[in-house]
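Undergrad:
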Amino acid sequence: MLHLAVHCANVLETKNYINETIQCIMEAWETVLLEMDNKLTKYANQQPEGSLSADFLELLVFGYATHEIEDFLRDDLTEKGVKKLANSIDLSYSTVESLVTKQLQSSGVNMFFFLNSLKGLSRVTYFFEPLLSCEVTQEALRACGAFLMKVLEVQQVIDQCVSDMKLFFSWLCIVILRLLQHDIPEEMTQLTPEDTIYLAEYLNSFEDSVVENDDGTVTKRKFNLEKVGQYMENRNLQQIVKSDPHHLWHRLLDENECLRNCTLLFPHEKETSLIQQRDKLLAAVDEVFKRPDESISASFVQDAEIICASWLAESEGDKHALVHSSFVANEDANTDMLVTTINHHEVLLLEFNKEFSLLRCMRLDLQPGPFTSEALRDDVYSKLQLVDLEFYNEGTLSLLIHSIAQNESKQSYFLQFALDAAKGKQTQHLMPNNISLLDMVYPCHVPDLMEGNNLKPLEGESTHMTVSGSRKVVTILSEQCRKMTIFEMEIEDDEDDTEMSQNSLLEISKESATSSNE
């Protein structure tokens with residue numbers, strides 16, 4: 001079971017890596033030809049159908065340009081604009097090619113390795129027959145092989161597009177200079193007869209593709225300058241890569257249907273895009289783990305139900321329910337501890353013994369209570385709300401909170417709360433029993449248990465927090481996750497509480513790359 005769980009974790013992690021890599025690829029190619037496509041589409045919409053390729057071919061073969069295409073090249077594109085686009089496109093293609101050849105291909109190979117290992121486990125029917133199906137894992141392997149073949153196809157298309165773009169833009173620069181009656185620099189190479197033939201085929205393919213709309217109708221594609229973008233769309237390819245008819249392996253597959261349908265061979269689906277092939281792979285992987293999910297879930301029986309909170313319908317002031325939790329195993333006390341939020345200013349701390357026969361519970365409230373001192377009843381403490389929480393260690397709970405005081409902006413605070421201060425406030429409950437803790441546990445107000453002002457003010461509006469008691473480090477994200485602040489925690493010899501050292505601030509202005517706007 002553990003061996004299968006490790007393979008499952010590896011497969012799921014690889015799935016996430018593939019999705020993130022494809023997302024990076026999509027972001028890299030989105031700006032490849034945005035301005036060029038817009039201008040060419042606008043020009044193509046003003047021309048009769050089929051005239052776009054004809055005009056460019058006429059310009060290439062006979063050197064004659066119509067008035068429309070002459071104005072378009074001279075005024076809209078310009079020589080500087082073409083060179084700028086060429087440099088931008090070359091950089092974007094280099095980024096895409098690096099992501100495809102390194103990250104995406106390696107993750108696909110890793111996925112194939114993990115699925116092949118699962119197939120080996122599925123053949124050990126004595127142990128894994130209730131969990132794995134050999135036929136299903138084989139289909140997942142075929143889907144992974146088809147995905148790898150599609151990745152290799154994308155690599156070939158990228159190499160071809162880079163060559164096409166360089167030739168196309170070089171020719172455009174020469175044409176624009178001739179239209180402006182300028183001298184052509186010596187560094188601009190002239191087209192060879194082979195380049196002319198190749199460029200003519202490329203220009204002739206401008207309007208070859210068609211697009212199938214959502215309603216089932218088919219329309220002619222206005223203009224398509226590059227072929228990589230179609231692989232990033234969730235629909236069939238508009239321009240399919242032509243295969244070599246003289247290739248012996250292709251001829252063998254075409255002539256033998258039994259070999260073409262053999263499950264040991266990986267299919268090459270030429271019509272599908274990379275996104276479609278990725279979705280097929282992920283669906284096949286999910287099907288592999290469908291049987292373990294059903295088999296393992298069927299062996300679990302609910303022993304008891306513990307109700308920690310009851311969320312009401314969203315009010316006008318609350319955008320969403322705040323749900324945060326943290327878990328830690330207390331080895332010294334031989335217990336498991338869980339803390340969870342029950343509203344915007346209260347948390348519930350649960351402590352189970354190892355036999356799960358006894359539950360200790362306490363309810364912490366950030367708001368001042370009826371017996372809170374006047375010094376802690378100011379406007380700041382009355383407006384405290386939870387943002388994030390996490391166990392610092394077995395005896396300390398870290399809280400990220402903010403206060404919305406009257407006539408003031410939102411202020412974030414950090415609080416280290418020692419759990420020993422509230423040990424006497426715990427209630428005990430026998431298990432297994434159905435328990436509604438909200439009706440049985442009374443709140444314990446945090447300001448009553450704090451010694452002095454333990455709230456540490458932070459700069460900016462903080463949104464997330466993570467802590468490590470073993471490393472004595474606290475990391476806080478602020479300013480919409482664009483700024484990461486790292487604090488080093490120190491324990492003074494003459495104090496029991498863990499405090500934040502203001503002198504040990506580690507490069508608090510580390511810019512994070514998590515913002516999608518930058």
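In full-length UniProt numbering, the protein residues as written are 1 to 518.
Think of the CB as a built atom: it goes at the ideal place given N, C-alpha and C, for glycine as much as any other residue.
Just so you know, these numbers come straight off a predicted model, no measurement behind them.
1) Nearest CA to the CA of K15: which residue from A140, F72, R482 and R123?
2) What number of angstroms, rounded off, separates the C-alpha of V241 from the C-alpha of V228?
3) Let's test the definition: count the other Cβ atoms within 10 Å of the Cβ of I197 and tell me whether it reaches 16, buried, or not, exposed.
4) In chain order, what are the residue ranges of uninterrupted beta strand (DSSP E) at least 3 long that sit wholly in the stretch 392–453?
5) Hey, could you find the ends of the beta strand (DSSP E) V241 is sitting in?
6) Kindly indicate which three-state DSSP category A146 falls into: helix, strand or coil?
7) Below 8 Å, can you find three or more Cβ-Cβ pairs linking the stretch 386–402 to the stretch 433–443?
8) Do L449 and A422 have their beta-carbon atoms positioned less than 8 Å apart in this structure?
9) Label E68 either buried or exposed according to how many other C-beta atoms from any shown protein chain fall within 10 Å of its C-beta, with 16 as the threshold for buried.
10) Residues in the same chain with beta-carbon distance under 6 Å from I476, minus the five sequence neighbours each way, listed in chain order, please.
11) Can you give me the start and stop residues for the beta strand (DSSP E) that F352 sits inside?
12) Would you report the Cα separation of Y413 and S478, rounded to the nearest angstrom?
13) How is the alpha helix (DSSP H) around M26 delimited, first residue to last?
14) So what does DSSP say about T340, is it helix, strand or coil?
15) Using the rule of at least 16 other Cβ atoms within 10 Å of the residue's Cβ for burial, across every protein chain shown, is S403 buried or exposed?
16) In or out: L252 buried (at least 16 other Cβ within 10 Å) or exposed?
17) If you run the structure through DSSP and keep just helix, strand and coil, what is K456?
18) With three or more C-beta pairs closer than 8 Å as the rule, is the stretch 282–302 touching the stretch 348–364?
19) Over what stretch of residues does the beta strand (DSSP E) that includes residue 539 continue unbroken?
20) Using three-state DSSP, classify R482 as helix, strand or coil.
21) Out of Q276, L99, F487 and K483, which has the shortest C-alpha to C-alpha gap to K472?
22) At which residues does the beta strand (DSSP E) containing L253 begin and terminate?
23) Need the endpoints of the beta strand (DSSP E) that residue 529 sits in, please.
24) For E49, name the three-state secondary structure that DSSP assigns.
25) Short of 6 Å in beta carbon distance, which residues of its chain neighbour V288, apart from the five on each side in sequence? Order them along the chain.
26) Could you check if K84 is buried or exposed, using at least 16 other CB atoms within 10 Å of its CB as the buried criterion?
27) Per DSSP, what kind of secondary structure is D76 in: helix, strand or coil?
28) Should T21 go down as buried or exposed, given a rule of 16 or more other Cβ atoms within 10 Å for buried?
29) Over what stretch of residues does the beta strand (DSSP E) that includes L118 continue unbroken?
30) So, using beta-carbon positions, are V154 and L248 closer together than 8 Å?
31) Kindly list the residues whose CB is nearer than 7 Å to the CB of Q190, restricted to its own chain and excluding five residues on each side of it in sequence; keep chain order.
TA: To lay it out plainly:
1) Here the question's residue 15 lines up with position 15 in the sequence shown. When each option's Cα is compared against that of K15, the closest is A140.
2) Stepping through the sequence shown from its first residue, residue 241 is reached at position 241. Stepping through the sequence shown from its first residue, residue 228 is reached at position 228. Looking at the two C-alpha atoms, the distance is approximately 11 Å.
3) On the sequence shown, residue 197 is found 197 positions in, with the first residue counted as 1. With fewer than 16 Cβ atoms within 10 Å of its Cβ, I197 is classed as exposed.
4) 396–403, 411–418, 427–430 and 443–445
5) Working through the sequence shown from its first residue, we reach residue 241 at position 241. That residue, V241, is in no beta strand (DSSP E); it is neither H nor E in DSSP.
6) Numbered from 1 along the sequence shown, position 146 holds the residue referred to as residue 146. In the structure shown, A146 sits in a helix (DSSP, three-state: H, G or I).
7) no
8) On the sequence shown, position 422 is the one that residue 422 refers to. On the sequence shown, position 449 is the one that residue 449 refers to. Yes, the Cβ-Cβ distance between A422 and L449 is below 8 Å.
9) Your numbering for residue 68 matches position 68 in the sequence shown. With fewer than 16 other Cβ atoms within 10 Å, it is exposed.
10) What you label residue 476 is simply residue 476 of the sequence shown in a count that begins at 1. S462, M465 and T485.
11) To locate residue 352, count along the sequence shown from 1; it is residue 352. Residues E346 to N353.
12) Taking the sequence shown and counting its residues from 1, the one referred to as residue 413 is at position 413. Taking the sequence shown and counting its residues from 1, the one referred to as residue 478 is at position 478. The alpha-carbon atoms of Y413 and S478 are separated by roughly 12 Å.
13) Position 26 of the sequence shown, counted from the first residue, corresponds to residue 26. Its alpha helix (DSSP H) spans residues L2 to W29.
14) What you label residue 340 is simply residue 340 of the sequence shown in a count that begins at 1. In this structure, T340 counts as strand in the three-state DSSP scheme.
15) Taking the first residue of the sequence shown as position 1, residue 403 is located at position 403. Buried is the call here.
16) Within the sequence shown, numbered from 1, the residue matching residue 252 stands at position 252. L252 should be labelled exposed.
17) What you label residue 456 is simply residue 456 of the sequence shown in a count that begins at 1. DSSP places K456 in strand when its eight states are reduced to three.
18) no
19) The chain is shown only over 1 to 518; residue 539 falls outside these bounds and no answer can be derived.
20) Position 482 of the sequence shown, counting from 1, holds the residue named residue 482. Looking at R482 - three-state DSSP - the assignment turns out to be coil, as it is neither helix nor strand.
21) Taking the sequence shown and counting its residues from 1, one reaches residue 472 at position 472. The shortest C-alpha separation from K472 is found at F487.
22) In the sequence shown, the residue the question calls residue 253 occupies position 253. No beta strand (DSSP E) holds L253; the alpha helix (DSSP H) holding it covers L248 to E255.
23) In the structure displayed, the chain extends from 1 to 518; residue 529 sits before or after that span and is not available.
24) Against the sequence shown, residue 49 aligns to sequence position 49. Reduced to three states, the DSSP call for E49 is coil.
25) Counted from its first residue, the sequence shown places residue 288 at position 288. Taken in chain order, the residues that qualify are V136, T137 and A140.
26) Here the question's residue 84 lines up with position 84 in the sequence shown. K84 is exposed by the Cβ-count criterion.
27) As a working mapping, residue 76 is identified with position 76 in the sequence shown. D76 falls in the helix class under three-state DSSP.
28) The sequence position of residue 21 within the sequence shown is 21, counting from 1. With 16 or more Cβ atoms within 10 Å of its Cβ, T21 is classed as buried.
29) Counted from its first residue, the sequence shown places residue 118 at position 118. Careful: L118 lies outside any beta strand (DSSP E), inside the alpha helix (DSSP H) at Q105 to S122.
30) Residue 154 sits at position 154 when you count from the first residue of the sequence shown. Residue 248 sits at position 248 when you count from the first residue of the sequence shown. It is not a contact, given that the beta carbons lie outside the stated cut-off.
31) Along the sequence shown, read from residue 1 onward, the residue named residue 190 stands at position 190. None.
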